[in-house]
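Colleague: What follows is a single structure, and I will ask about it in a moment.
There are 4 protein chains.
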Amino acid sequence: MPSNWGRWGEDDQLGTLNLITEETRARGAAEVRTGRAVSLALPIQPTPLISGPFAPSAQDASPVQHVMVYTGSPATATADVMLVTNHHPRSTHLDALGHIVRDGRVYPGRPLEQSVTPVGVQHGSTTAFAAGITTRGVLLDLAVDGPLANGYAVTSRDFEAAEERQKVQLESGDALVVRCGWGMTPDPSRPMPGMSLDAVRWMHERGASLYAGDIADAHPSLDATGPSPMHGVALPMLGMPLIDAAGLDELAALCAELDRYAFLLTVAPPRIHGLTGVPVNPLAVF
Amino acid sequence: MPSNWGRWGEDDQLGTLNLITEETRARGAAEVRTGRAVSLALPIQPTPLISGPFAPSAQDASPVQHVMVYTGSPATATADVMLVTNHHPRSTHLDALGHIVRDGRVYPGRPLEQSVTPVGVQHGSTTAFAAGITTRGVLLDLAVDGPLANGYAVTSRDFEAAEERQKVQLESGDALVVRCGWGMTPDPSRPMPGMSLDAVRWMHERGASLYAGDIADAHPSLDATGPSPMHGVALPMLGMPLIDAAGLDELAALCAELDRYAFLLTVAPPRIHGLTGVPVNPLAVF
Amino acid sequence: MPSNWGRWGEDDQLGTLNLITEETRARGAAEVRTGRAVSLALPIQPTPLISGPFAPSAQDASPVQHVMVYTGSPATATADVMLVTNHHPRSTHLDALGHIVRDGRVYPGRPLEQSVTPVGVQHGSTTAFAAGITTRGVLLDLAVDGPLANGYAVTSRDFEAAEERQKVQLESGDALVVRCGWGMTPDPSRPMPGMSLDAVRWMHERGASLYAGDIADAHPSLDATGPSPMHGVALPMLGMPLIDAAGLDELAALCAELDRYAFLLTVAPPRIHGLTGVPVNPLAVF
Amino acid sequence: MPSNWGRWGEDDQLGTLNLITEETRARGAAEVRTGRAVSLALPIQPTPLISGPFAPSAQDASPVQHVMVYTGSPATATADVMLVTNHHPRSTHLDALGHIVRDGRVYPGRPLEQSVTPVGVQHGSTTAFAAGITTRGVLLDLAVDGPLANGYAVTSRDFEAAEERQKVQLESGDALVVRCGWGMTPDPSRPMPGMSLDAVRWMHERGASLYAGDIADAHPSLDATGPSPMHGVALPMLGMPLIDAAGLDELAALCAELDRYAFLLTVAPPRIHGLTGVPVNPLAVF
């Protein structure tokens, strides 16, 4: 099993973000020509918390609920409070390194109780993302001919075929963006495809600093007896932050239009410390 | 009083973001050389919602509260839910155009009840920011010689002096970033400085697309009988989105180090629709 | 229109609860023989706020959402935080006197802005219920022959017929409990019955101190041009607290079994000040 | 160590509430003469969630936070949403039997994972209190001569002395109400008194069905190496529900005035299922 435990010290909180160097950033910067930008986030429609005459009595579970706040009568301002479920499956969000526990340990091998307490995450939290992540991003679009098949296991061969087809190469420190063509709210009755352990090994060898995908792990699991390759290995063992539920259709269309599959990727979640994950709106700038 | 009501139609939701053109973006893109990036956001330390043996019994009111979630025993993952006060004074946040009501109307002159209901904001909300904001940003650092004086009224002369000193010029579509040197949690007993109406007129004439400042309006008001220049005029009348409570010390230090006061600014709040404001982590990329 | 504005002073916060005297309480106490008790509250099944692998992706909007809290791993305690929508239509809750605004005024005629601010209710809130409400309760069961007809307007004649049938009489200071036979989550496509203005006048004349019903106002309104008799007149004009969405089937069955329609009613919401309403579990003690 | 595991079956959810019989209730009912009632709950002042110009920037951590909700402009109603920390030390609340875990098990000996999941409590939750608790209550006032001494360990002798002094006797099925004279927010620098294991054994022998006290366990613990007698033994081993942080000064004054220390106790939390604890406003009716 691939692992980075110890590679950057016992106390590391950056994981594969350590692979982002000045050279990586300059490579990303070199992709910026027009300033045209596209979001990699799915839209979130919050549901109102209130009810009675003011709201419907049934609702879909949104990642965000909010309350419009009374500001006086007549109102002189509008304001709201929102409640965010950080790891909601339909929210484009960034998993912090401490999100997954393996045998009582979190990246890079620390006992859970040293990293996490009831009042928050002391180590491996979103604090590591406080200044945002800026690097070159590379889209590997595996869905040019339509969504991946039910339960498909993505391997390194799919990545290398995409690199060749798109004439682009993932280099150390780049963010890997993978499109499987399975959009928001996939049919739960159909087995979702996902990354194989072989795919994770390839990310490790190539030095991917970050993963953003419309899909990460298959559901149900590709291997019911082992850990999920992305959430169970890449996140806790490699220390690779994951962006779950990215929305990649607009990006794929723009990449195809420009025939360019590399860009400057900026990921700048709200600067909230100590969380296990946080909604994010990654931008690809061309 | 300066106004853009009607300038981009009765139904406009972008306000001064309409001033961001391909040319503006290209101007921003041209500033990107190394990919070095800095955050314009203050850090937020969330406070835990729980209590009893698990949390302190008194707390400062944070913009964000969160709860660490039970995921089984022993835990196999860590997760949390957070509660966000969108317009908290110590949160770097982006005000949507519908945040302020003037005489029962919101930008661009629509009756409040057509834009806002108890279940959310239908018009002039954060939906307008769904794809992020990317443009050239220009820092005017008014605090090179220390924080502005108590109750100081910033005018166009301060801006033009800074432009000359820094050898930079705010052009139409640029984002204006203003540093007053009053950091987080200023002493409430000291009158905060703020923008004058003259300063807002200058932003209007120059075509600023966005304002980000460590301070916006003075507190107490510069003119107790009139509207606040930024929240009462620039936001509702010009339709200029405001970033409140930006953290600009790191940016100012980097600009001074590089002797460059223009950069690519990306503002990418979580893609949550229908809010009156949202926490944001603006990035300046050099 | 019946009104109690001014009857107990300009500053009154108790409304018709002023009608509960030592004599009323003794009348209630005299009904207690065995200590057998029944709840008048509907059960509330909270919905979990979390998601991902831990919760379903769709949910009915419950009055209460909650989060199971992480307490360490392995867990030494279980704990939770809950979010309550105080006026949820499927929650048995007690409306405070300041809940309804009429022409900018709340009971007993105070301007809204003197009673309510963005930070809470200063006057006419749940603070008035801090020590609970204890009085004699009288059930008038209008649904002995089945639910009231669609859109039926309840009048004083229905009440008096029930009194005669049940051999009980509502006296001044008693709590009036009315069963219409429309249980929880009635079919929204069928017009709900409700109290007429005549029914409210009867409550006023008789001196009802409190109303608890499985239904209060008809939906849609009996009179689209006027205020709702219960929420629009009884609550703000009479100052009569309302218990919305009571669950009365168990109570009706017990009353029929014992052939006794009067009991000691205790209403003891959590002692939380300053709310506009609060969930409650009224008990009828026999 | 006293234990009721298995006494009422492997699947029991009532614990010592099983001791409340018709006879117990009738004994309580016999105490009701005038209907005069007093609350055993501390008042809770909720803190507003909003901020900016609408709220203070610092606050004490209240058990309840709330948001006043926008209902239109001008407002036609007032409404709010509240967030409740169920086990807050300054909230009078009822602990459910599943609140404490001992060696991975909860009352009556079930493995934790069979009772509790991330989405709620399946067994031993507040569901058991859905219809309220009604029984005879007996106040033993240990603080007639002032608050108990710092770190005092309450024993069965204190209880029996109080019974003799007050001419009252706790019988099987009665609720035990204990006043130590340590009110809300005691000075954290002074060691709080608390129940000893001997006191718990006495409750077990006498058949107390419920405990309500201004204090339960000492803080710091009387015996640092063992479980807390109330939360660590009475709750999980005896299955005795606990009311934490009761407010007993009014009750003690009324008992002294009437020279009666027994009453009908009704405990009727909001009928919310599946919680680990819930705020409550117990009423003593005389």
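Just so you know, the protein sequences line up as chains A, B, C and D, in that order. The first sequence begins at 1 in this note's numbering and counts up by one. The second sequence begins at 1 in this note's numbering and counts up by one. The third sequence begins at 1 in this note's numbering and counts up by one. The fourth sequence begins at 1 in this note's numbering and counts up by one. Don't be surprised by glycine CBs; every beta carbon is placed ideally from N, CA and C. What you are looking at is a predicted structure, and each value in this text was computed from that prediction instead of being measured.
In whole angstroms, what separates the C-alpha of Glu23/C from that of Ala37/C?
Modeller: On the third sequence, residue 23/C is found 23 positions in, with the first residue counted as 1. On the third sequence, residue 37/C is found 37 positions in, with the first residue counted as 1. Each residue's Cα considered, the two are about 22 Å apart.
Colleague: Compare the C-beta of Gly98/D against all C-beta atoms of chain C and say whether one is closer than 8 Å.
Modeller: Translated into the one-based positions of the fourth sequence, residue 98/D becomes position 98. By this cut-off, Gly98/D is an interface position.
Colleague: So which residues on chain B does Met68/C lean against when the C-beta distance must stay under 8 Å?
Modeller: Translated into positions along the third sequence, residue 68/C becomes position 68. Result: Val69 and Tyr70.
Colleague: Just tell me which of Ala212/B, Cys180/B and Arg157/B has its CA closest to the CA of Asp244/B.
Modeller: To locate residue 244/B, count along the second sequence from 1; it is residue 244. Of Ala212/B, Cys180/B and Arg157/B, the residue nearest in Cα terms is Ala212/B.
Colleague: Looking at the unbroken beta strand (DSSP E) that takes in Ser39/D, where does it start and where does it end?
Modeller: Counting from 1 along the fourth sequence, the entry for residue 39/D is found at position 39. Residues Ala37 to Ser39.
Colleague: Which two residues bound the contiguous alpha helix (DSSP H) that contains Gln166/C?
Modeller: What you label residue 166/C is simply residue 166 of the third sequence in a count that begins at 1. Segment Ser156 to Gln166, the alpha helix (DSSP H) holding Gln166/C.
Colleague: Just to confirm the assignment, what range does the alpha helix (DSSP H) spanning Thr266/D have?
Modeller: In the fourth sequence, the residue the question calls residue 266/D occupies position 266. Taken as a continuous stretch (DSSP letters only), Thr266/D belongs to no alpha helix (DSSP H), being part of the beta strand (DSSP E) at Ala262 to Val267.
Colleague: Note down the Cα distance separating Gly194/C from Phe129/D, rounded to an integer number of angstroms.
Modeller: By 1-based counting over the third sequence, the position of residue 194/C is 194. By 1-based counting over the fourth sequence, the position of residue 129/D is 129. Taking the straight line from one Cα to the other gives about 31 Å.
Colleague: Of all the beta strand (DSSP E) runs that stay within the bounds of the segment 188-269 of chain D, which reach a length of 3 or more residues?
Modeller: Correct list: 210-213, 242-244 and 262-267.
Colleague: Once DSSP output is grouped into helix, strand and coil, what is the label at Gln114/C?
Modeller: As a working note, residue 114/C is residue 114 in the third sequence. Gln114/C: helix per DSSP, three-state reduction.
Colleague: Within 8 Å of any Cβ in chain B, is that where the Cβ of Asp80/A sits?
Modeller: Position 80 of the first sequence, counted from the first residue, corresponds to residue 80/A. Answer yes: the Cβ-Cβ gap between Asp80/A and chain B drops below 8 Å somewhere.
Colleague: For Val177/D and Gln166/C, I'd like the C-alpha separation in whole angstroms.
Modeller: Translated into positions along the fourth sequence, residue 177/D becomes position 177. Translated into positions along the third sequence, residue 166/C becomes position 166. Rounded to the nearest angstrom, the two C-alpha atoms are 39 Å apart.
Colleague: Could you check which residue in Met68/C, Ala175/C and Val116/C has the C-alpha nearest to that of Gly274/C?
Modeller: Numbered from 1 along the third sequence, position 274 holds the residue referred to as residue 274/C. Among Met68/C, Ala175/C and Val116/C, the Cα nearest to that of Gly274/C is on Val116/C.
Colleague: Are the segment 26-44 of chain C and the segment 61-78 of chain A touching, with three or more C-beta to C-beta distances below 8 Å?
Modeller: No, because fewer than three Cβ pairs between the segment 26-44 of chain C and the segment 61-78 of chain A fall closer than 8 Å, the two stretches do not touch.
Colleague: Thinking C-alpha only, which one of Gly9/D, Val81/D and Arg90/D is nearest Gly183/D?
Modeller: Within the fourth sequence, residue 183/D is the residue found at index 183, counting from 1. Closest by alpha carbon: Arg90/D.
Colleague: For Gly213/A, which residues in chain B fall below 8 Å Cβ to Cβ?
Modeller: For the purposes of this step, residue 213/A is taken as the residue at position 213 of the first sequence. Ordered by position in chain B, no residue passes the 8 Å Cβ test against Gly213/A, which lies about 17 Å from the chain.
Colleague: Below 8 Å, how does it come out for the segment 76-89 of chain D and the segment 77-89 of chain C: are there three or more Cβ pairs, yes or no?
Modeller: Touching, yes.
Colleague: Among residues of its own chain, excluding the 5 on either side of Pro279/C, which ones have a beta-carbon nearer than 6 Å to its beta-carbon?
Modeller: As a position in the third sequence, residue 279/C is number 279, starting the count at 1. Ser91 and His93, listed in sequence order.
Colleague: How many Å lie between Pro46/C and Asn150/C at the Cα?
Modeller: The residue given as residue 46/C occupies position 46 in the third sequence. The residue given as residue 150/C occupies position 150 in the third sequence. The alpha-carbon atoms of Pro46/C and Asn150/C are separated by roughly 30 Å.
Colleague: I think Asp95/C touches Leu251/C, with their Cβ atoms under 8 Å apart; what is that distance to the nearest whole Å?
Modeller: Taking the first residue of the third sequence as 1, we reach residue 95/C at position 95. Taking the first residue of the third sequence as 1, we reach residue 251/C at position 251. No, Asp95/C and Leu251/C are not in contact; Cβ-Cβ is about 20 Å, not under 8 Å.
Colleague: Is there at least one Cβ from chain B nearer than 8 Å to Ala75/C's Cβ?
Modeller: On the third sequence, position 75 is the one that residue 75/C refers to. So yes, Ala75/C belongs to the interface.
Colleague: When we look at the beta-carbon of Pro220/A and count the other beta-carbons within 10 Å, is it buried (16 or more) or exposed?
Modeller: Taking the first sequence and counting its residues from 1, one reaches residue 220/A at position 220. With fewer than 16 Cβ atoms within 10 Å of its Cβ, Pro220/A is classed as exposed.
Colleague: Can the beta-carbon of Ser73/B be found closer than 8 Å to that of Pro74/C?
Modeller: Here residue 73/B refers to the residue found at position 73 of the second sequence. Here residue 74/C refers to the residue found at position 74 of the third sequence. Closer than 8 Å, so yes.
Colleague: Compare the C-beta of Glu113/D against all C-beta atoms of chain B and say whether one is closer than 8 Å.
Modeller: Reading the fourth sequence from its first residue, position 113 is the one you call residue 113/D. Yes, contact with chain B.
Colleague: Does DSSP put His99/A in a helix, in a strand, or in coil?
Modeller: Numbered from 1 along the first sequence, position 99 holds the residue referred to as residue 99/A. Residue state, collapsed to three classes: helix.
Colleague: Output the distance between the C-alpha atoms of Ala246/B and His88/D, rounded to the nearest integer angstrom.
Modeller: Locating residue 246/B in the second sequence gives position 246, where the first residue counts as 1. Locating residue 88/D in the fourth sequence gives position 88, where the first residue counts as 1. Those two C-alpha atoms are separated by around 34 Å.
Colleague: For Ser172/B, which residues of its own chain have a beta-carbon under 6 Å away from its beta-carbon, when the five flanking residues on both sides are left out?
Modeller: If you number the second sequence from 1, residue 172/B lands on position 172. The residues are Leu19 and Gly207.
Colleague: Using a Cβ-Cβ cutoff of less than 6 Å, which residues in the same chain neighbour Ala153/A once the five nearest sequence positions on both sides are dropped?
Modeller: By one-based count along the first sequence, residue 153/A stands at place 153. Counting only Cβ-Cβ distances below 6 Å, and skipping sequence neighbours, we find Ser196 and Leu222.
Colleague: For Leu258/D, decide whether its Cβ has a neighbour in chain B, counting only Cβ atoms nearer than 8 Å.
Modeller: On the fourth sequence, position 258 is the one that residue 258/D refers to. No, no contact with chain B.
Colleague: So which residues of chain D does Pro108/B contact, with C-beta pairs closer than 7 Å?
Modeller: Position 108 of the second sequence holds residue 108/B. Ordered by position in chain D, no residue passes the 7 Å Cβ test against Pro108/B, which lies about 18 Å from the chain.
Colleague: Please list, in chain order, all residues of the same chain as Arg260/A whose beta carbon is under 7 Å from its beta carbon, the five residues on each side excluded.
Modeller: The sequence position of residue 260/A within the first sequence is 260, counting from 1. Excluding sequence neighbours, Arg260/A sits near Phe286.
Colleague: Do Ala284/C and Gly137/C count as a contact pair if the criterion is CB distance below 8 Å?
Modeller: Locating residue 137/C in the third sequence gives position 137, where the first residue counts as 1. Locating residue 284/C in the third sequence gives position 284, where the first residue counts as 1. It is a contact, given that the beta carbons lie within the stated cut-off.
Colleague: Between which two residues does the beta strand (DSSP E) containing Thr85/B stretch?
Modeller: Counting from 1 along the second sequence, the entry for residue 85/B is found at position 85. Where Thr85/B is concerned, the enclosing beta strand (DSSP E) stretches over Asp80 to Thr85.
Colleague: Starting from Gly318/B, follow the beta strand (DSSP E) in both directions and report where the run begins and ends.
Modeller: This structure does not reach residue 318/B, given that chain B is present from 1 up to 286, and the question cannot be answered.
Colleague: Kindly indicate the opening and closing residues of the alpha helix (DSSP H) around Gly277/D.
Modeller: Residue 277/D sits at position 277 when you count from the first residue of the fourth sequence. Gly277/D -> not in any alpha helix (DSSP H); beta strand (DSSP E) instead, spanning Gly277 to Pro279.
Colleague: State the start and end residues of the unbroken alpha helix (DSSP H) segment that holds Arg25/D.
Modeller: Within the fourth sequence, the letter at position 25 stands for residue 25/D. Its alpha helix (DSSP H) spans residues Glu22 to Ala29.
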